[in-house]
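K.L.:
With numbering that gives the first Met the number 0 applied, the sequence shown corresponds to residues 0 to 282, in that order. Sharing a structure below in C-alpha cells format, with a few things to ask.
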Amino acid sequence: MRNLVNIIIPCYNQAQYLPDALQSIYLQSHKNWECLIINDGSTDLTEQVAIEWQRKDSRFRTINKRNGGLSSARNAGLAEAKGDYIQFLDADDVIHPDKFKLQLASINPEVNYAISYCNYFSSKEKNLLEPFPYHISPEFKTKNYLIELINRWEKSLSIPCHCFLISNKILKENKITFDETLKNHEDWDFWMNIFRTNPAVFYLPEQLATYRIHSSSMSRNYKQMKRGFMTAIKKQLNYSKPFSSENIFLIIKYLRVKFRITRQNRFVKIAFRILNPINVNKK
0 MRNLVNIIIP CYNQAQYLPD ALQSIYLQSH KNWECLIIND GSTDLTEQVA
50 IEWQRKDSRF RTINKRNGGL SSARNAGLAE AKGDYIQFLD ADDVIHPDKF
100 KLQLASINPE VNYAISYCNY FSSKEKNLLE PFPYHISPEF KTKNYLIELI
150 NRWEKSLSIP CHCFLISNKI LKENKITFDE TLKNHEDWDF WMNIFRTNPA
200 VFYLPEQLAT YRIHSSSMSR NYKQMKRGFM TAIKKQLNYS KPFSSENIFL
250 IIKYLRVKFR ITRQNRFVKI AFRILNPINV NKK
C-alpha cells in the first residue's frame, strides 16, 4: 500500500494533552499510517496513555527513551520512520481528519523531493475550538522559499511543524535531522536544511492543523531566544556561498536579531530594495 505516513509525536510530561493528539491521528480518513509516540523520559502518565492507545490500534507504537529534549525525541522518531512521508505533531496539538488525504492529493506523485504545507488555526490552551488572537501567516509570497525563511521568519511568516507533510526521501538521502546542540530555533534550522534541497512545494490554504497556544508560550525568555537564533543563523552562514543573496540576507538577519535593527534602518532598507525576494526571484 502506497503513501505510508509516519507521524512522530515527541512527548515529555504532556499526558493531559496527548489523547487529543492521538485521537486526531486515529480519525484520519487516510488509513495507511504509523504513529510513533516518543516518550522522552516523562515522569507523568505519558507511558500509560501511550500504551492504552497502542492496545486500541496497533498502528500506534511507543518508544521510550531517556529525556534528551525535543530535537532528540524527534530524531529518535526519524530513525525509526520507514514511511513515504513524515508528519510531525507535538503532543499538545491536533490535525484535521482529512489532512493526510488532502495533502497527499496535492503532491505530484512524480516528484521525489516534495513538501505539502497547510494553513493552521490558533486555539486557546483549554479549548481547541476557541480562537486565540494570534496568527502569523504560513504562506510564502514567492518561490524563493529559502530567502523568505531568512527574511520573514517570526515577523510575517510562521509555519508550525504539524502544517508540513514531508517526503521522507528528502530527509533520508540528505541525512537531515534536528540539531540537538541548538537551544532553540532548531525548527528554523531544520526547515532551512530541507528547503536548501530545492523541493517541490505545494500549499493548501485550508486550516488543517490546530496550534494550541499556552499562556506560557507568550512569555519566553527573549535573551535566550535571541542567543539561540543567532547561533542557528551563524550555523546556516557556513552553508551559504559568500556574497550570494542567501549569504547577504543571513548577515542582515543576524545583525537585525543581535542589534534589534528594524526595516526602518537605512542600511536595511537599501539592502532590501536591492535584494528583496521578488527581485531575486526574477533572476
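All C-beta atoms in this analysis are idealised placements derived from N, C-alpha and C, irrespective of residue type, glycine included. Computed from a predicted structure; not experimentally measured.
I need the straight-line Cα distance from residue 120 to residue 209, nearest angstrom please.
P.N.:
For the purposes of this step, residue 120 is identified with residue 121 of the sequence shown, where counting begins at 1. For the purposes of this step, residue 209 is identified with residue 210 of the sequence shown, where counting begins at 1. When rounded, the distance between both Cα atoms is 5 Å.
K.L.:
Could you pull the start and end residues of the beta strand (DSSP E) that residue 32 belongs to?
P.N.:
Residue numbering aside, residue 32 sits at position 33 when the sequence shown is read from its first letter. Counting along the chain, the beta strand (DSSP E) containing residue 32 begins and ends at 32–39.
K.L.:
Please state whether the Cβ-Cβ distance between residue 183 and residue 227 is less than 9 Å.
P.N.:
In the sequence shown, counting from the first residue as 1, residue 183 sits at position 184. In the sequence shown, counting from the first residue as 1, residue 227 sits at position 228. Note that the C-beta distance between residue 183 and residue 227 is below 9 Å.
K.L.:
By alpha-carbon positions, which one of 249, 84, 44, 145 ends up nearest to residue 114?
P.N.:
Within the sequence shown, the letter at position 115 stands for residue 114. Looking at the Cα atoms, 84 is the closest of the given residues.
K.L.:
Smallest Cα separation from residue 196: which of 178, 171, 95, 202?
P.N.:
Here the question's residue 196 lines up with position 197 in the sequence shown. The residue with the shortest Cα to Cα distance from residue 196 is 171.
K.L.:
Do you know how far the Cα of residue 27 is from the Cα of residue 97?
P.N.:
The residue you call residue 97 lines up with position 98 of the sequence shown. The residue you call residue 27 lines up with position 28 of the sequence shown. If I take the Cα positions, the gap works out to 6 Å.
K.L.:
For residue 185, does the three-state DSSP call read helix, strand or coil?
P.N.:
Working through the sequence shown from its first residue, we reach residue 185 at position 186. In this structure, residue 185 counts as helix in the three-state DSSP scheme.
K.L.:
Compute every distance between the C-beta of residue 243 and the non-hydrogen atoms of the ligand ZN, then say whether any falls below 8 Å.
P.N.:
Here there are no bound small molecules, and the ligand ZN is not part of this structure.
K.L.:
Quick one: what's residue 116 bridged to in DSSP?
P.N.:
Reading the sequence shown from its first residue, position 117 is the one you call residue 116. DSSP output for residue 116 lists 163, 202 as bridge partner(s).
K.L.:
Counting along the chain, where does the beta strand (DSSP E) carrying residue 64 start and finish?
P.N.:
Along the sequence shown, read from residue 1 onward, the residue named residue 64 stands at position 65. Segment 59–64, the beta strand (DSSP E) holding residue 64.
K.L.:
Quickly, what does DSSP pair residue 130 with across the bridge? List them, please.
P.N.:
Looking up residue 130 in the sequence shown gives position 131. 122.
K.L.:
When the Cα of residue 203 is compared with those of 47, 104, 88, which residue comes out closest?
P.N.:
Counting from one through the sequence shown, the residue named residue 203 turns up at place 204. The residue with the shortest Cα to Cα distance from residue 203 is 104.
K.L.:
If distances are taken between C-alpha atoms only, which option among 90, 129, 180 comes closest to residue 70?
P.N.:
Here the question's residue 70 lines up with position 71 in the sequence shown. Selected option, being the one with the closest Cα: 180.
K.L.:
Taking residue 137 and residue 155 to be in contact with their CB atoms under 8 Å, please state how far apart those CB atoms are, rounded to whole angstroms.
P.N.:
Residue 137 sits at position 138 when you count from the first residue of the sequence shown. Residue 155 sits at position 156 when you count from the first residue of the sequence shown. Contact flag wrong, Cβ pair sits at about 10 Å.
K.L.:
Give me the residue from 151, 153, 189, 150 with the minimum Cα distance to residue 328.
P.N.:
Because the chain is modelled from 0 through 282, residue 328 falls outside the range shown and cannot be assessed.
K.L.:
So, helix, strand or coil for residue 156, using DSSP?
P.N.:
Locating residue 156 in the sequence shown gives position 157, counting from the first residue. It is a strand residue.
K.L.:
So the beta strand (DSSP E) residue 6 belongs to, where does it begin and stop?
P.N.:
As a working mapping, residue 6 is identified with position 7 in the sequence shown. That run of the beta strand (DSSP E) goes 4–10.
K.L.:
Below 8 Å CB to CB, which residues in the same chain sit around residue 250 once its five sequence neighbours on both sides are set aside?
P.N.:
The residue given as residue 250 occupies position 251 in the sequence shown. Cβ neighbours of residue 250 beyond the five flanking positions: 236.
K.L.:
By DSSP, does residue 45 sit in helix, in strand, or in coil?
P.N.:
Within the sequence shown, the letter at position 46 stands for residue 45. If DSSP states are grouped into helix, strand and coil, residue 45 belongs with the helices.
K.L.:
With a cut-off of 8 Å on the beta carbons, I'd call residue 73 and residue 7 a contact; round off their distance for me.
P.N.:
In the sequence shown, the residue the question calls residue 73 occupies position 74. In the sequence shown, the residue the question calls residue 7 occupies position 8. Confirmed, about 6 Å.
K.L.:
Since I believe residue 76 is in contact with residue 35 (beta carbons under 8 Å), could you give me their beta-carbon distance rounded to a whole number of angstroms?
P.N.:
Sequence index remark: in the sequence shown, residue 35 carries index 36 (1-based). Sequence index remark: in the sequence shown, residue 76 carries index 77 (1-based). So it is a contact: roughly 5 Å between Cβ atoms.
K.L.:
As a quick exercise: from 191, 164, 163, pick the residue whose alpha carbon is nearest that of residue 175.
P.N.:
Translated into the one-based positions of the sequence shown, residue 175 becomes position 176. The candidate whose alpha carbon is nearest that of residue 175 is 191.
K.L.:
Excluding the 5 residues flanking residue 33 on each side, which residues of the same chain have their C-beta closer than 6 Å to its C-beta?
P.N.:
Here residue 33 corresponds to residue number 34 of the sequence shown, with the count starting at 1. Excluding sequence neighbours, residue 33 sits near 5, 58.
K.L.:
Going by the beta-carbon positions, is the gap between residue 17 and residue 42 smaller than 9 Å?
P.N.:
Locating residue 17 in the sequence shown gives position 18, where the first residue counts as 1. Locating residue 42 in the sequence shown gives position 43, where the first residue counts as 1. The answer is no: Cβ separation not under 9 Å.
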